[in-house]
Amino acid sequence: MDFVLKRDVLSSHLDSLSRAVATRPIRPILNGILFQFNDGLTMTATDMEFAVRSRIPDISGENSFVVDAKTVTEIVKSLPDQEVKFSTDGQKLDILSGKSKFQIFIQDGTDFPDVKIPTDGIQFEMSRAQLYSMLERVSFSAANDENMRNLNGVYLEIENGISRTIAVDGFRMALAEEKVEGAFNLNFLLSLRAIKELARALSSINSEKIKLRFENRQIAFDLGSTVLVCKVVDAEFPNYRRVIPEDFKTRAVVDRNILKSAVRRVSIMTRAGSETIKIGVENEKIKFSSRSADLGEAEELVDAQIEGEPLTIAFNPNFILDALNHIEEEKVQLNFVDSNKPLMIDTPDLKGYFFIVMPVRI
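Take 4 as the starting number for the sequence shown in the working numbering and just add one per residue.
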């Protein structure tokens, strides 16, 4: 069987597919990408938790095979930007382009696991730009430890026409929300790996809307020629509403860039593993300070619009900087309850997004 593909088109698809390939596969065939021919070419890769399926129309053929993902991706990427000819003969695949020729081994496509794509269940649309923003604004707050299954991901919640993304790691939390069309309620937890690949895919397409289908504990994100399918993480996400502070006694509005620079400078005088800075709020000023028995001390004053009572509190500066790095607006608002309660960081110019960080005892 012979078929011809444009190198740039195929390389783009292979790049997305290869990210779904298992790093430590439970079966050797999961190192590969499935090529299927049925009214076009469909390619599938999966690690049994996360799958990518891409389709290229107007390609004729009649069988299926599995080819090693890393090998075929590197070969196609290395070729000049022109048409690439493929030819299968038994258990071998020939790849020809210009004066280059490769021959690699393939496996029978019938041995590849069947990847179910949700087709029914709950179906709805979301703005591509909004979903991407919601994922990017919170995913950094998820736990990086894959053994913490209930925290190593992003929780997606839809209720009463509002969609939310939430991530927590036990020390901080980020939440973003947007309006969504449809009269339904839905919630599920996706792994951080799946979230990162979804965000990467969303950033590379131009579609205004994407289609989502939820069925049998799976969610499919239809991006046009590519569909991402994620299994829901079977773990209980914590009750995030319990840690959202209320009844703030002190609020401070400050320039984001000035605040970020001050926190970064003061944090220089902290030691790795025990990073702590003090924040004092009083008289239209915020005082940032740090002290290390080995290094010395630092202090900086920042002008702010302050309402409420004076207070002193301490935080890990890295958590503050992470939040500020994911806020684009010029002004940020620091909302305090007291010296022992979590701090909420939001912005006066953007509703529906906030960051919470637990204080350090001093």
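Ideal Cβ placement from N, Cα and C applies to all residues, glycine included. Here the structure is a predicted model, which means the values were calculated and not measured.
Membership of residue 305 in the beta strand (DSSP E) is indicated by the continuous run 299 to 306. Comparing alpha carbon positions, the residue from 123, 82, 111 closest to residue 105 is 82. Counted as a single uninterrupted DSSP element, the stretch harbouring residue 23 is not any alpha helix (DSSP H), since DSSP gives it neither H nor E.
Excluding residues up to 5 positions away in sequence, 157, 168, 169, 170, 177, 178, 179 lie with their Cβ nearer than 7 Å to the Cβ of residue 141 in the same chain. The continuous alpha helix (DSSP H) containing residue 133 extends over residues 131 to 141. For the set 254, 29, 213, the Cα lying nearest the Cα of residue 126 is the one of 213. In the assembly as shown, residue 63 is an exposed residue. Its beta-carbon has fewer than 16 other beta-carbons within 10 Å.
Looking at the DSSP output, residue 170 sits in a beta bridge with 177. Cβ-Cβ distances below 7 Å link residue 206 to 135 in the same chain, with the five nearest sequence neighbours on each side left out; the list follows chain order. For the 9 Å CB-CB criterion, residue 160 and residue 190 form a contact. Leaving aside the five residues that flank residue 6 on each side, the residues in its chain whose CB is nearer than 6 Å to its CB run, in chain order, 62, 64, 89.
A straight line joining the alpha-carbon of residue 291 with that of residue 197 spans about 38 Å. Spatial neighbours of residue 300 in its own chain (CB-CB distance under 8 Å, excluding positions within 5 residues in sequence) are listed in chain order as 272, 292, 293, 294.
For the segment 61 to 131, the continuous beta strand (DSSP E) assignments of 3+ residues that do not extend past its boundaries occur at 67 to 71, 86 to 92, 95 to 100, 103 to 111, 125 to 130, in sequence order. Between the segment 17 to 27 and the segment 50 to 62, the count of Cβ pairs shorter than 8 Å is three or higher; the stretches touch. According to DSSP, residue 156 shares a beta bridge with 194.
Per DSSP, residue 323 is not a residue of any beta strand (DSSP E); the alpha helix (DSSP H) it occupies stretches across 320 to 328. With a threshold of 16 other beta carbon atoms within 10 Å, residue 296 falls short and is exposed. Short of 8 Å from the beta carbon of residue 72, and not among the five residues preceding or following it, lie these beta carbons of its own chain, in chain order: 17, 20, 21, 24, 34, 35, 36, 48. In summary, residue 308 is exposed, with fewer than 16 beta-carbon neighbours lying within 10 Å of its beta-carbon over all protein chains present.
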